[in-house]
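Here is the structure we will look at.
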Amino acid sequence: MAEDNFFERVYEVVRLIPPGRVTSYGAIASYLGTKGSSRIVGYAMGAAGSATPPVPAHRVVNRQGLLTGKFHFPTFQLMEEMLASEGIEVEDNKIKNFKEKFWDPAVELSID
DNA sequence: ATAATGACATACA
DNA sequence: ATGTATGCCATTA
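Residues are numbered in the working numbering as their position in the first sequence, beginning at 1, plus a constant of 540.
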């Protein structure tokens, strides 16, 4: 597969995101250890479209809770639609109550 | 191996 | 607060 260890890591974390929650590229990158590679996470997301199984990329947004990647979806409204289906409210391409919906793998997966 | 790109993040004006 | 500039690190050409 074209997905190397790094991409696989990203996919794994994104797939671990519970429904109704969202996370940021930086948070994932930080969890992976490459804190500064927030862009790489987004880059991996680009490959996520070719990843198997598909990852819920719609649950991954930037630090502002902005749906920056919606334009990369098959249909840009799909992302909002899915998030809305998850119970996440989106306004002006931004997630409302983002702070409440925020899911940090470095914390949630480190409960123990 | 070097240069350019990228679904970001942070700093500075 | 908004806009521009630079840094980060992996992938691709």
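Even for Gly, the Cβ is constructed at its ideal location relative to N, Cα and C. Bear in mind that the values here come from a model prediction, so they are computed numbers and not experimental data.
- Restricted to the region 561–607, the alpha helix (DSSP H) segments that are unbroken, complete and at least 4 residues in length are 565–572 and 578–588, listed in chain order.
- The Cβ atoms of GLU626 and ARG599 sit closer than 9 Å to each other.
- Membership of GLU621 in the alpha helix (DSSP H) is indicated by the continuous run 616–626.
- Within the same chain, Cβ atoms closer than 6 Å to the Cβ of PHE613 are found at MET619, the five residues on either side in sequence being excluded.
- One alpha carbon belongs to VAL647, the other to THR615, and they sit about 32 Å apart.
- When the Cα atoms are used, VAL601 and ALA587 turn out to be separated by approximately 16 Å.
- DSSP, read as helix, strand or coil, puts GLU552 in helix.
- Collapsing the DSSP output to three states places PHE546 in a helix.
- Of all alpha-carbon atoms in ASP632, PRO593, PRO559 and PHE546, the one lying nearest the alpha-carbon of ARG579 is that of PHE546.
- For the 9 Å CB-CB criterion, GLN617 and LYS610 form a contact.
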